[in-house]
Amino acid sequence: MPTSPSTAILDRATEHYAGALHRQVVRVLASRPLDADDVAQAVVVWFLGQPEVLMARYPDPVRLGRVAARHACISFDRRQRIQRCEGARLFVQADGTVQPGRRTISGNTPAVEGGDELLDLMAQPTLFVDDHVVTQQFCADMLSTLQRGLSAADCELLMLVDGHGWPVNVLATRLGVARETLSRRISRIRRHVQQNRTHMALTGTTTT
Amino acid sequence: MRSSHASTAQVRLRYRPASDVLSGDIELGMLAAGDPVTHSPDADTHLTWFPVLGDDEALAGFHLLHASAQAAHGRLDALPVPLARLIPHLIERGLAALPADGTTLQRADVRVDATISVPVGQLARPSPTGHPPAEWSVEPADIARTVESLTTLAHTLGAAAHRFPAAHQPPTIALAAAVRELASVIQRSTGRTAPGTAAAARAALSRHLPFAPHERNELLAALTDVDDTQSWPAVWALVDDLCASLQHSRALG
C-alpha cells in the first residue's frame, strides 16, 4: 500500500499515536487475566505495519485502542477455548486411542466447510476476525454476482481454463468436443461474465 | 503455618519508555488465597490485589500509565514504598535506552526489566481509612463539557502547529496529542480523572512553546485543575478563554 514520504513530523505523530494506543489497550485490559502489556505491544506492532491507514481511519488512538483491545480479548478467549478443546468431540479410533473426531465450533454443532480455516483464523491474536469475515463475505457475493446467469458446467469450464490454466485444445480432447466448439463456448462465458461485471460496476451492487 | 509477613515475593517490573507504561507482576505463590480484585483509583493507575494468608490483601500486579510524568510529580504513593523508590531509577534507565535515531518500531520495542524481592508485609493494601473515597458523582453533562473544551483546545493546538516555525512544531504536536488523549480518556472513564495523562500534558507544556507567559500560565492552571472533578467548571472557562486567545494571538498569525 502506498504511503506518503516519511517526515520527521509524521514520525513524531506516529510515535505519539503508538504510545497513546499502547496505553489505552493497557487501560482496557488491566482487569483481564492476561498480560495486558504484551497484548498492547502486539497491537502497537500491528499498528506500525500500516500507521497512516489506521490513523486516517481512527483519528483518535483511544478509540482504536478500545477496538483493538476488544478484538484481542475475543481472540484470546477463543484461543483459550480451542486450547482447552472446548466443544471438540473425542472419538475412539481403530487403534484404541482417543482423538478429536471432528473439530466443532461450539457445542455439538459440526464445523461447516472451511471450519478448520475459521478456527485457525480465530486463533490469531492480531487478526480482526469480524473484518476478515466481512471481507470474505463481500468477495463471495462479488463472485456470485459475476457468475449470475451461468450454469454450473459453464462455471466449471471457466474455472478449468482461467482458474487452473488448462489449454483449450487439451481440455477439448478430454471432453470429446472440437477445439473450436469449446473455444466459442469459453468466449461466450467470458462475455457473459464481463457483462455482469459492467452491470455490477454501474449499479454498485453485488446482490441479485 | 509460616506467616506471610515473613515471606518475600518476587516483583518483576517492566518499563516501556516509548509508551511510558510501567507494569509490575508480583509472584505471591502459595500465599495467594482467593480471587484477584482490580482497583483503579484513576484512569492511569490499575492495581490488582490478592487475598493472602494472614493479611487482608497484597499487591499482585499493577499498571502505571504515563509513569515518568507521574513519578516526576510524586504520584507514586499508590505503590508500596520499596517499589516507589526503585521506579524512578528504572524509568531513568529506560529513557536512556531509547535510541535517539531509531525508527518508531525500534523505539517501541525498547523495554527495561528489573526484579526485586520484597517482604509480603510491605505489599499489603493500605487500610481504606487512609485513602479518601474516589469521586464518582460527576454528572455526564460535566464530563461532556470538559471533553468538549479539551477537544477544542487540542484542535486549536493542532491547527496552530502548522503555522509555527519548524522548531516549534514538534513540541506543539506533542502538547496537542497529550491534550487530545486527556480528553478521550476522560470521556471514557465515567467520571474518573486521568492525573497521569494530565501530568504528561503539563510536561509537554514545559517544553519550548511559542506561547505568551499568560497563555502558558492559564494552560498550566487548567491542566492542574483537571485533576480535581470539582474544579472542572473552572477548567472550561480557562480552556475556552485560552482557545479564543490562541486563535487570535499574534503567534498564530
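Chains as they are written, first to last, in our numbering: chain A, 1416 to 1623; chain B, 132 to 384.
All residues carry an ideal CB built from backbone N, CA and C; glycine is no exception.
Near-chain A residues of the segment 293-305 of chain B - C-beta to any C-beta below 7 Å: Residues Q300, P301, I304 and A305.
Return helix, strand or coil for B/E270, following the three-state DSSP convention. Position 139 of the second sequence holds residue 270 of chain B. Coil.
Exposure label - A/A1567; buried when at least 16 CB within 10 Å: For the purposes of this step, residue 1567 of chain A is taken as the residue at position 152 of the first sequence. By the 10 Å Cβ count, A/A1567 comes out exposed.
Classify A/S1521: buried if its beta carbon has 16 or more other beta carbons within 10 angstroms, exposed otherwise. Here residue 1521 of chain A is taken as the residue at index 106 of the first sequence, counted from 1. Here A/S1521 scores only 49 on pLDDT, less than 50, and its place in the model is too uncertain to base an answer on.
What does the alpha-carbon distance come out to for the pair B/L144 and B/L178? Locating residue 144 of chain B in the second sequence gives position 13, counting from the first residue. Locating residue 178 of chain B in the second sequence gives position 47, counting from the first residue. One alpha carbon belongs to B/L144, the other to B/L178, and they sit about 14 Å apart.
Per-residue contacts from B/S154 into chain A (C-beta, under 7 Å): As a working note, residue 154 of chain B is residue 23 in the second sequence. Neighbours of B/S154 in chain A, taken as residues at a C-beta separation under 7 Å, are given in chain order as D1452.
Taking DSSP as the reference, what is the three-state secondary structure of B/H194? Taking the second sequence and counting its residues from 1, the one referred to as residue 194 of chain B is at position 63. In this structure, B/H194 counts as strand in the three-state DSSP scheme.
Starting from the N-terminal side, write out each stretch of the beta strand (DSSP E) that is 3 residues or longer and does not extend beyond the segment 1435-1515 of chain A. Those beta strand (DSSP E) runs which fall completely within the segment 1435-1515 of chain A and span 3+ residues are 1504-1507.
Could you give the DSSP three-state label for B/Q141: helix, strand or coil? The sequence position of residue 141 of chain B within the second sequence is 10, counting from 1. Strand at B/Q141.
Check the Cβ-Cβ distances between A/E1430 and every residue of chain B, and say whether any is below 8 Å. Residue numbering aside, residue 1430 of chain A sits at position 15 when the first sequence is read from its first letter. The beta carbon of A/E1430 falls within 8 Å of a beta carbon belonging to chain B, placing the residue at that interface.
C-alpha gap between A/L1597 and A/L1558, whole angstroms: One-based indexing of the first sequence puts residue 1597 of chain A at position 182. One-based indexing of the first sequence puts residue 1558 of chain A at position 143. When rounded, the distance between both Cα atoms is 23 Å.
Restricting to Cα atoms, I'd like to know which of A/V1583, A/H1607 and A/L1575 is closest to A/T1560. Numbered from 1 along the first sequence, position 145 holds the residue referred to as residue 1560 of chain A. Ranking A/V1583, A/H1607 and A/L1575 by Cα distance to A/T1560 puts A/H1607 first.
Of all the options A/R1563, A/G1580 and A/L1586, which has the alpha carbon lying nearest to the alpha carbon of A/T1613? Here residue 1613 of chain A corresponds to residue number 198 of the first sequence, with the count starting at 1. Per the Cα distances, A/R1563.
For B/F342, which three-state DSSP category applies? In the second sequence, counting from the first residue as 1, residue 342 of chain B sits at position 211. The answer is coil: DSSP assigns B/F342 none of H, G, I, E or B.
Just how far apart, CA to CA, sit A/W1581 and A/I1601? The residue given as residue 1581 of chain A occupies position 166 in the first sequence. The residue given as residue 1601 of chain A occupies position 186 in the first sequence. Near 12 Å, if we compare the C-alpha coordinates of A/I1601 and A/W1581.
Outcome for B/E266 when other beta-carbon atoms lying within 10 angstroms are tallied against a minimum of 16: Stepping through the second sequence from its first residue, residue 266 of chain B is reached at position 135. Legend: pLDDT at B/E266 = 49, less than 50; position of this residue unreliable, no value from coordinates given.
Strictly under 8 Å for the Cβ-Cβ distance: is B/L226 near chain A by that measure? Position 95 of the second sequence, counting from 1, holds the residue named residue 226 of chain B. Cβ-Cβ to chain A under 8 Å: no for B/L226.
What are the residues that DSSP puts in a beta bridge with B/Y146? Along the second sequence, read from residue 1 onward, the residue named residue 146 of chain B stands at position 15. Answer is B/L153 and B/V243.
Which two residues bound the contiguous alpha helix (DSSP H) that contains B/H220? The residue you call residue 220 of chain B lines up with position 89 of the second sequence. Per DSSP, B/H220 is one residue of the alpha helix (DSSP H) stretching across V212 to A228.
Just the chain B side, please: which residues come within less than 7 Å of A/R1427 by C-beta, in chain order? Position 12 of the first sequence, counting from 1, holds the residue named residue 1427 of chain A. Under the 7 Å cutoff, chain B gives P301 and I304.
Can you list, in chain order, the residues of its chain with a C-beta nearer than 7 Å to that of B/S376? Leave out the 5 residues immediately preceding and following it. In the second sequence, the residue the question calls residue 376 of chain B occupies position 245. Short of 7 Å from the beta carbon of B/S376, and not among the five residues preceding or following it, lie these beta carbons of its own chain, in chain order: E346.
B/L178 - partner residues in DSSP beta bridges: Indexing the second sequence from 1 puts residue 178 of chain B at position 47. Beta-bridge partners of B/L178 (DSSP): B/H170 and B/F193.
With DSSP as the reference, label A/R1517 as helix, strand or coil. The sequence position of residue 1517 of chain A within the first sequence is 102, counting from 1. In this prediction, A/R1517 scores a pLDDT of 48, lower than 50, which makes its location untrustworthy; no coordinate-derived value is stated.
Below-8 Å beta-carbon distance, A/R1442 vs any chain B residue: Numbered from its first residue, the first sequence carries residue 1442 of chain A at position 27. Residue-level contact check: A/R1442 touches chain B, since one or more beta carbons of chain B fall below 8 Å from its beta carbon.
In the DSSP assignment, what residue or residues form a beta bridge with B/V370? Locating residue 370 of chain B in the second sequence gives position 239, where the first residue counts as 1. Paired residue(s): none; B/V370 is not in a bridge.
Quick one: what's B/E188 bridged to in DSSP? Position 57 of the second sequence, counted from the start, is the residue given in the question as residue 188 of chain B. Looking at the DSSP assignment, B/E188 forms a beta bridge with B/P182.
Chain B partners of A/H1437, CB-CB under 8 Å? Along the first sequence, read from residue 1 onward, the residue named residue 1437 of chain A stands at position 22. Those are R147, A149, S150, V152 and A239, listed as they occur along chain B.
Under 8 Å, Cβ to Cβ, is there at least one residue of chain C near A/L1469? Going by chain labels, chain C is absent from the structure shown, which instead holds the protein chains A and B.
For A/A1451 and B/I304, the rounded distance between their alpha carbons: Taking the second sequence and counting its residues from 1, the one referred to as residue 304 of chain B is at position 173. Taking the first sequence and counting its residues from 1, the one referred to as residue 1451 of chain A is at position 36. Between the C-alpha atoms of B/I304 and A/A1451 there is a straight-line separation of about 28 Å.
Whose CA, out of A/G1480, A/T1512, A/R1485 and A/H1486, lies closest to the CA of A/L1436? Here the question's residue 1436 of chain A lines up with position 21 in the first sequence. Closest option to A/L1436, Cα to Cα, is A/G1480.
Three or more C-beta pairs closer than 8 Å, one from the segment 235-251 of chain B and one from the segment 266-281 of chain B: is that the case here? Below 8 Å, too few C-beta pairs join the segment 235-251 of chain B and the segment 266-281 of chain B to call them touching: fewer than three.
Evaluate the contact criterion for the segment 354-372 of chain B versus the segment 280-288 of chain B: three or more CB pairs, one atom per stretch, below 8 Å. By the criterion of at least three beta-carbon pairs nearer than 8 Å, the segment 354-372 of chain B is in contact with the segment 280-288 of chain B.
Buried/exposed call for B/S337, threshold 16 Cβ in 10 Å: Reading the second sequence from its first residue, position 206 is the one you call residue 337 of chain B. B/S337 should be labelled exposed.
Whole-angstrom Cβ separation of B/S171 and A/A1445, contact assumed at under 8 Å? Translated into the one-based positions of the second sequence, residue 171 of chain B becomes position 40. Translated into the one-based positions of the first sequence, residue 1445 of chain A becomes position 30. About 7 Å separates the two Cβ atoms, so the contact holds.
For B/A255, does the three-state DSSP call read helix, strand or coil? If you number the second sequence from 1, residue 255 of chain B lands on position 124. Looking at B/A255 - three-state DSSP - the assignment turns out to be strand.
Touching by the beta-carbon criterion (3+ pairs, under 8 Å), the segment 225-232 of chain B and the segment 144-153 of chain B: Short answer: they touch.
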